[in-house]
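**Q** Sending over a structure as structure tokens; questions will come in a sec.
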Amino acid sequence: MAGPAAAAGRPRLAVWKFASCDGCQLTLLDCEDELLSVAAEVDIAYFLEASSAVGPGPYDLSLVEGSVTTPDDLRRIQHVRRVSKRLVTIGACATAGGIQALRDFADVREFASIVYARPDYIATLERSTPISAHVPVDFELRGCPIDKRQLLEVISAFLAGRRPFVPAHSVCVECKARGNVCVMVAHGTPCLGPVTQAGCGALCPAFNRGCYGCFGPMESPNARALNAQLRELGMSTPELVRVYRTFNATEEPFRQAAEEAESDT
Amino acid sequence: MNTVVTESLEPLIAELRSRGFTVVGPTTRDGAIRFAEISCSAQLPAGRGDEQRPGRYRLTERHDDLVFGFAASPDSAKRYTQPPRQPLLRMREGTVEEAEAQAPRIALLGVRACDLAAIAVQDRVFLGGRHPDPAYRKRREAMLLIAVNCAVPGGTCFCVSMGTGPKATTGFDLALTELSDPHRFLIETGSGRGAEIVTAISHRPATGDDVVAAEEVSRVAATRMGRQVDTDGIQERLAGAHDSPRWAEVASRCLACTNCTMVCPTCFCTTVEDATDFTGGVAERTEVWDSCFTLDFSEVGGSSVRGSGSARYRQWLTHKFSTWFDQFGMSGCVGCGRCITWCPTGIDVTEELGCIL
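Taken in order, these protein sequences are the chains called Z and U. All residue numbers for the first sequence refer to UniProt numbering, where the first residue is 1 and numbers rise by one. All residue numbers for the second sequence refer to UniProt numbering, where the first residue is 1 and numbers rise by one.
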């Protein structure tokens, strides 16, 4: 990372990790071709995944990955907010609680008692919550993992002081623009694309797979109508519940979609 | 009009390629008929058919050697006349550079009468007003249209109701009718460019029997429409149906996913996407397909004026079948049936119109 002299005048970027797999912050390193121009325009002051050299706050832009799952997280996120002018959460863990929010549908102490030899050493919260449940967030970038192109768009939008171009419409918009054939209509493959927010570039349907909703609910999801069609395609109630209970299980429209699937039977 | 017969499309494809055209025709890919570049007639989907109904599309085996024995495919000509993403301009330190429109020489082989009608609608939209679109004009002028008269309409077709098919009557450079026993193609010319190409390939003059056989193909096809719409007074009747309870009912099944508008050959709405680089010194503006089913589409002052699904469905259907007449003097629907087939929940415009009107 550049030294303090080279950093003068450039906006300072920090990347923080909470409960997560690191995949989203790795997306920044995965930028490869664009990474040098990012580093030229931004002083990457705090990014432990990339460098143990740590520059002091405050930071102009903080990217926050992961959900809040421990008492220590509760304290630390307040610190992150205090030292950040702008705070952007990245990835399903940070925006929705992530896959670990499945604990919300069960008893986390029971999990801990099965997994750990000494569960009494484990200090964990009952629920996994998004960052926005604890501090004000300036922008939420969805995905599991996030899309590299969208991450670059969000960073450059914040540098330019403009609104990021991150549409909240369905995956179908991107799917059709990409020229994919609809896997649901042409193959009978169950797909969450119609209720899921765009951003991935319709990656899964491009490989003849159904969308599994990793970008969370789109702006006006009609999951009840989709569920009726998914049942037509042969999905059972447990399958329907499971398809909504993945990375964005606690996002309200997906939570409801799973509950409706259970109550419709 | 000069009408000739050829036994194979190989000479036609070779001639088009020698004239510098990229020949784009039907192929099979990912379980559907898709437009793609072809270099020989063997790449055409011989013996393949399709089964189409609301929300469902399947390729079928036909047990014959017809290469055009299917109905409308998911691709219309729109992908070529109005590509999904087009760069508009680039600003560099205050200097504006307009992007030069890309206009590849494409020979589109296998467009149907409904597709030609849709192109005529697009021509009216993009070229007929006070502000013609030069990029669209450039793409259209570079494009050669080789129509095929439908022999096997699909389960969601209703071109007869909309008065656009199944026989291509105008708007093509060449129009083919595929005939069997023996397998051959009747070729009609519709333009000077088309006539030049026919002159350059081996053919024989059409006999009376060839012409009668071709007429029979179109006559039979017209009797096999999967759907129909009563268009009598539709413009006024739909405008008067603003408060129909059916809008809320259809909205309960509508995903607002935009698929109907994306596959529609006449839906032309776009938005612009602005991007900046990290230095802030370069900005780019790109035109991208948009849809009246997204909330952003009708965002005014920070929120959508058509927030409900019923308002958005009403807007789309009313525009297609009613206010399009006010705006462009023609119908926005050509009866291709794509919006019915490719709706994931199988909403059928013809059924909705029947219930609303």
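No residue lacks a Cβ here, since even glycine has one placed at the ideal position from N, Cα and C. Note that the coordinates shown come from a computational prediction; the quantities given were computed from them, not determined experimentally.
Please state whether DSSP places residue 46 (chain Z) in a helix, a strand or coil.
**A** Here residue 46 (chain Z) sits in strand by DSSP.
**Q** Rounded to whole angstroms, what's the CA-CA distance from residue 255 (chain Z) to residue 192 (chain Z)? Just pull it up for me.
**A** Straight-line Cα distance between these residues: approximately 14 Å.
**Q** Less than 6 Å between C-beta atoms, sequence neighbours within five positions excluded: which residues of the same chain meet that for residue 201 (chain U)?
**A** Only 11, 12, 15 meet the Cβ criterion.
**Q** Listing by chain order, which chain U residues have their CB less than 7 Å from the CB of residue 220 (chain Z)?
**A** Those within 7 Å of residue 220 (chain Z) in chain U are 256, 295, 309.
**Q** Using a Cβ cut-off of 7 Å, which residues of the stretch 240-258 of chain Z contact any Cβ in chain U, in chain order?
**A** Cβ contacts with chain U: none found.
**Q** Would residue 65 (chain U) and residue 183 (chain U) qualify as a contact pair, given that the criterion is a beta-carbon distance under 8 Å?
**A** Against a cut-off of 8 Å, the Cβ pair of residue 183 (chain U) and residue 65 (chain U) comes out as a contact.
**Q** Chain U partners of residue 229 (chain Z), CB-CB under 8 Å?
**A** In chain order: 55, 344, 345, 346.
**Q** With DSSP run on the structure shown, which of helix, strand or coil describes residue 143 (chain U)?
**A** Coil.
**Q** Look up residue 352 (chain U) in the DSSP assignment and say whether it is helix, strand or coil.
**A** It is helical.
**Q** Once DSSP output is grouped into helix, strand and coil, what is the label at residue 6 (chain Z)?
**A** Reliability of the predicted coordinates at residue 6 (chain Z) is poor, the pLDDT of 48 falling under 50, and the value obtained from them is presented with this limitation in mind. DSSP places residue 6 (chain Z) in helix when its eight states are reduced to three.
**Q** Taking a contact to mean a Cβ-Cβ separation below 8 Å, would you say residue 295 (chain U) touches residue 263 (chain Z) in this structure?
**A** No. Outside cutoff.
**Q** Nearest-angstrom Cα distance between residue 212 (chain Z) and residue 102 (chain Z)?
**A** Whole-angstrom Cα-Cα distance: 16 Å.
**Q** When DSSP labels each residue in this structure, what does residue 260 (chain Z) get in the three-state scheme?
**A** Helix.
**Q** Would you mind telling me which residues of chain U sit closer than 7 Å to residue 187 (chain Z), beta carbon to beta carbon, in chain order?
**A** The answer, in chain order, is 31.
**Q** Write down the C-beta distance between residue 25 (chain U) and residue 154 (chain U) rounded to the nearest angstrom, noting that I regard them as a contact closer than 8 Å.
**A** Not really, about 18 Å apart at Cβ, beyond 8 Å.
**Q** Compare the C-beta of residue 274 (chain U) against all C-beta atoms of chain Z and say whether one is closer than 8 Å.
**A** Judged by the 8 Å Cβ criterion, residue 274 (chain U) is in contact with chain Z.
**Q** If you drop the 5 nearest sequence neighbours on each side, which residues of the same chain put their C-beta closer than 7 Å to that of residue 126 (chain Z)?
**A** Within the same chain, residue 126 (chain Z) has close Cβ partners 108.
**Q** Taking its Cβ as the centre, do 16 or more other Cβ atoms sit within 10 Å of residue 205 (chain Z), making it buried, or is it exposed?
**A** Answer is buried; the Cβ neighbour count reaches 16.
**Q** In chain order, what residues of the same chain lie with their CB nearer than 6 Å to the CB of residue 210 (chain U), ignoring the 5 residues before and after it?
**A** Around residue 210 (chain U): 5, 186.
**Q** Compare the C-alpha of residue 2 (chain U) against each of U:84, U:228, U:19, U:176 and name the closest.
**A** Nearest of U:84, U:228, U:19, U:176 to residue 2 (chain U), Cα basis: U:176.
**Q** Ordered along the chain, which non-local residues of its own chain (more than five positions away) have a Cβ less than 6 Å from that of residue 238 (chain U)?
**A** Counting only Cβ-Cβ distances below 6 Å, and skipping sequence neighbours, we find 318, 321, 322.
**Q** Return the CA-CA distance between residue 306 (chain U) and residue 217 (chain Z), expressed in angstroms with no decimal places.
**A** Computed Cα separation, rounded: 19 Å.
**Q** With a CB to CB cut of under 6 Å and the five nearest residues on each side skipped, what residues in its chain are close to residue 328 (chain U)?
**A** Closer than 6 Å at the Cβ level, and outside the excluded window around residue 328 (chain U), lie 124.
**Q** In whole angstroms, give me the CA-to-CA distance for residue 137 (chain Z) and residue 14 (chain Z).
**A** Their Cα atoms are separated by approximately 15 Å.
**Q** Measure the alpha-carbon distance for residue 18 (chain Z) versus residue 113 (chain Z) and round it to whole angstroms.
**A** Their Cα atoms are separated by approximately 23 Å.
**Q** Residue 32 (chain U) to residue 291 (chain U), Cα distance in whole Å?
**A** The straight-line gap from Cα to Cα measures roughly 24 Å.
**Q** Can you check which of these residues, Z:78, Z:63, Z:238, is closest to residue 46 (chain Z) by C-alpha distance?
**A** Nearest option by C-alpha distance: Z:63.
**Q** Quick one: does residue 176 (chain Z) have its CB under 8 Å from some CB of chain U?
**A** Output row for residue 176 (chain Z): interface = yes.
**Q** Restricting to Cα atoms, I'd like to know which of U:77, U:60, U:181, U:160 is closest to residue 136 (chain U).
**A** Comparing Cα-Cα distances from residue 136 (chain U) to each of U:77, U:60, U:181, U:160, the minimum goes to U:77.
**Q** Residues in the stretch 198-217 of chain Z with C-beta within 9 Å of chain U's C-beta atoms, listed in sequence order?
**A** If the cut-off is 9 Å between Cβ atoms, the stretch 198-217 of chain Z has 208 near chain U.
**Q** Compute the Euclidean distance between the alpha carbons of residue 57 (chain U) and residue 48 (chain U), then round it to the nearest angstrom.
**A** Their Cα atoms are separated by approximately 13 Å.
**Q** Rounded to the nearest angstrom, how far is the Cβ of residue 151 (chain U) from that of residue 188 (chain U), given a contact under 8 Å?
**A** With a Cβ gap of about 15 Å, residue 151 (chain U) and residue 188 (chain U) do not count as contacting.
**Q** Let me make sure I understand the geometry here. Which of U:163, U:102, U:162 has the alpha-carbon closest to that of residue 134 (chain U)?
**A** Cα-wise, what sits closest to residue 134 (chain U) is U:102.
**Q** Could you have a look at residue 113 (chain Z) and say whether DSSP puts it in helix, strand or coil?
**A** Reduced to three states, the DSSP call for residue 113 (chain Z) is helix.
**Q** In the DSSP assignment, find the beta strand (DSSP E) that holds residue 109 (chain U) and state where it starts and stops.
**A** Taken as a continuous stretch (DSSP letters only), the beta strand (DSSP E) holding residue 109 (chain U) covers 106-111.
**Q** Which stretch, first to last residue, makes up the alpha helix (DSSP H) that contains residue 18 (chain U)?
**A** Segment 10-18, the alpha helix (DSSP H) holding residue 18 (chain U).
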